[in-house]
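Asks: My questions all concern the structure below.
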Amino acid sequence: MSTSDHPVARVLDAELAAKMGVVVTAVATDCVVEEIPTATNIQPFGLLHGGANAFLVEDAGSRLAIVNCPENKLTVGTELNISHLAPNRTRLARATARPIRISQSSAVVNVDIHDENGVLTATGRLTCVYITSSSRQPAQ
1 MSTSDHPVAR VLDAELAAKM GVVVTAVATD CVVEEIPTAT NIQPFGLLHG GANAFLVEDA
61 GSRLAIVNCP ENKLTVGTEL NISHLAPNRT RLARATARPI RISQSSAVVN VDIHDENGVL
121 TATGRLTCVY ITSSSRQPAQ
C-alpha cells in the first residue's frame with residue numbers, strides 16, 4: 001500500500017490540516033513523517049509560526065498514535081509540549097514522529113521538526129490516551 005493510500009494518511013485530513021498544507025510522506029507503526037510549506041504558515045517576522053510547530057507535533061504524533069491504536073478504541077490527546085530550537089526560514093517544515101512508549105492505554109510520541117536543510121528547528125512530545133469506543137471513525 002502506498003503512503004497516500006494508507007488510511008491514517010487521510011484520517012486527520014480535516015479543515016485545519018488542509019489549511020496548513022499537510023503532506024504525509026511516510027506512515028508506519030514506528031514512524032510518521034509529514035511536511036508543511038512555510039510560506040503560508042509564517043509569523044510577521046518571516047519565520048515559521050511557533051503555532052505551526054505545535055500543530056505539527058499534534059498532527060504527526062496523533063497519526064502515529066492512531067496507527068498503533070488498539071481495536072475498538074479512539075485516540076485522544078492529553079498533553080503537548082514543544083521547544084522551539086532554531087528559526088525556520090526555508091520553504092518547508094518536516095515533522096518526524098517516533099514512539100517513546102506505546103501501550104494498550106496510551107501512546108507517548110516524540111516529534112522532531114527539521115527545515116529543508118535538515119536543521120532541527122523544534123522538538124516536542126505528545127501524549128495520547130486510548131479510550132473505549134464503539135467506532136473508530138472520526139467525528140463528523
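Number 114 in the numbering used here belongs to position 114 of the sequence shown; there are no gaps in the numbering.
Where a beta carbon is used, it is the ideal one built from N, C-alpha and C, also for glycine.
1. Could you check if isoleucine 82 is buried or exposed, using at least 16 other CB atoms within 10 Å of its CB as the buried criterion?
2. Quick one, are the C-beta atoms of asparagine 68 and isoleucine 100 less than 8 Å apart?
3. Helix, strand or coil for aspartate 112 per DSSP?
4. Under 8 Å between the Cβ atoms of glutamate 34 and threonine 25?
5. Count the other C-beta atoms from every protein chain shown that fall within 10 angstroms of the C-beta of glycine 118, then say buried if there are 16 or more, exposed otherwise.
6. Name the DSSP bridge partner or partners of lysine 73?
7. Since alanine 172 contacts valine 111 with CB under 8 Å, what's their CB separation in whole angstroms?
8. Apart from the five residues just before and just after glycine 61, which ones in its own chain have a Cβ nearer than 6 Å to its Cβ?
9. Who are the Cβ neighbours of glutamate 79 in its own chain at under 8 Å, not counting the five residues just before and after it?
10. Compute the Euclidean distance between the alpha carbons of alanine 14 and isoleucine 131, then round it to the nearest angstrom.
11. Does DSSP put serine 62 in a helix, a strand or coil?
12. Could you have a look at asparagine 53 and say whether DSSP puts it in helix, strand or coil?
Replies: So, from the listed chains and residues:
1. buried
2. no
3. strand
4. yes
5. exposed
6. Thr132
7. Outside the modelled stretch of the chain, which goes from 1 to 140, sits residue 172, for which no answer is possible.
8. Ala97, Val109, Val111, Leu126
9. Arg125, Leu126, Thr127
10. 21 Å
11. helix
12. helix
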